[in-house]
Amino acid sequence: IGINYIQATMKGGRRCSTNTAFLFPAKDIYNKVYKPTEKMDGFVIFPMIMRPKSKGRIWLRDANPFHYPLIDPNYFANEKDLDVAVAGVRIVQKMLKTDAMQKLDAKILSTPLPGCVQHTFDSDEYWKCTARYITFTIYHLSGTCKMGPKEDRSTVVDPRLRVHGINNLRVIDASVMPEIPVAHTNGPTIMIGEKGADMIKEDWGIKII
């Protein structure tokens with residue numbers, strides 16, 4: 201479980217653009233739950249599932265390289281991910297009970313989410329319902345061209361980032377990581393690029409400085 205803290209409400213603060221893009225199109229949810237808080241001081245805490253059991257899928261629509269691929273994130277296909285989401289909420293609730301947070305009178309909004317009113321507020325089933333309604337990607341999706349031995353049919357590239365069965369083609373980006381790092385993907389992706397560049401130089405006999 202990861203915890204992401206943002207110094208903003210859904211319509212205010214330096215980091216509000218992502219929040220608004222995420223929830224504002226769902227006007228029924230926004231107007232019911234968040235609009236009453238527009239003039240209040242607040243912040244957002246996102247519990248994040250760092251090692252999801254559910255796996256998504258991306259595949260080619262057809263042979264035309266200009267057509268968008270088909271993407272199925274497959275969120276919560278594995279019920280254990282919902283349990284982790286609820287555990288993340290409970291961690292946040294414990295944080296809000298600390299002396300520092302109590303001095304701010306910090307608390308979770310208690311307005312039930314439309315679509316989940318059939319569940320008792322703050323029950324595990326309620327939070328599982330809200331997770332299904334308003335979960336979104338944290339934008340670090342990777343692993344679609346997994347690195348590994350060609351005997352493993354789930355892999356795409358070998359340890360030198362060459363695509364199995366295709367000559368003169370490499371993949372050198374975040375997609376080669378077998379698992380999403382439990383951290384920001386920026387650093388690992390930069391290093392994959394650096395290492396991939398060195399591999400290409402080696403293959404062409406170019407001195408690596």
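For reference, each letter of the sequence shown is one residue, going 201 to 409 in the working numbering. Just so it is clear, CB atoms sit at the ideal spot from N, CA and C, and this is done for glycine as well. This structure is a prediction, so every number in the text was calculated from the model and none was measured.
Roughly how many whole angstroms lie between the Cα atoms of residue i and residue j?
i	j	result
GLN293	ALA397	46 Å
ILE179	GLN302	The shown model of the chain, from 201 to 409, leaves out residue 179, and the question about it has no answer.
ASP358	ILE308	47 Å
MET295	ILE245	10 Å
PRO378	PRO236	43 Å
THR344	ARG257	8 Å
LEU313	GLU325	12 Å
ASP241	GLY202	24 Å
VAL382	ASP373	17 Å
ASP352	ILE392	21 Å
ARG360	TYR333	41 Å
THR385	PRO273	18 Å
CYS216	GLU238	Caution applies to CYS216, whose pLDDT of 49 falls short of 50 and renders its modelled position unreliable; the model cannot decide the point.
PHE243	ASP262	44 Å
ALA300	ALA306	9 Å
TRP404	GLU394	16 Å
LEU260	GLY387	28 Å
LYS232	ALA287	25 Å
LYS227	ILE406	57 Å
THR298	LEU304	10 Å
TYR230	ARG362	46 Å
CYS316	PHE266	40 Å
Do residue i and residue j have their C-beta atoms closer together than 8 Å?
i	j	result
ASN204	MET250	no
SER310	ALA277	no
LYS350	HIS364	yes
ILE390	LYS401	no
VAL376	MET399	no
LEU369	ALA331	no
TYR275	THR335	yes
LEU284	TRP327	Here residue 284 turns out to be Val, not Leu, going by the sequence shown. Not in contact: VAL284 and TRP327 (Cβ atoms no closer than 8 Å).
ILE380	SER342	yes
What are the residues that DSSP puts in a beta bridge with residue i?
i	result
TRP259	LEU270
ARG362	ARG370
PHE246	ASN204
MET240	Its beta-bridge partners do not exist; DSSP assigns none.
VAL357	MET347 and VAL363
For chain B, check one thing: does any of its Cβ atoms lie closer than 8 Å to the Cβ of residue i?
i	result
GLY365	Here chain B cannot be found, since the structure has a single protein chain.
Starting from the N-terminal side, write out each stretch of the beta strand (DSSP E) that is 3 residues or longer and does not extend beyond the segment 280-311. You should have found no qualifying run.
Kindly confirm or deny that the segment 346-364 and the segment 313-326 touch, where touching means at least three C-beta pairs closer than 8 Å. Counting Cβ pairs under 8 Å, fewer than three are found: no touch.
At which residue ranges does the segment 313-338 contain complete alpha helix (DSSP H) runs of 4 or more residues, listed in the order of the chain? Within the segment 313-338, complete alpha helix (DSSP H) segments of at least 4 residues are found at 324-334, given in chain order.
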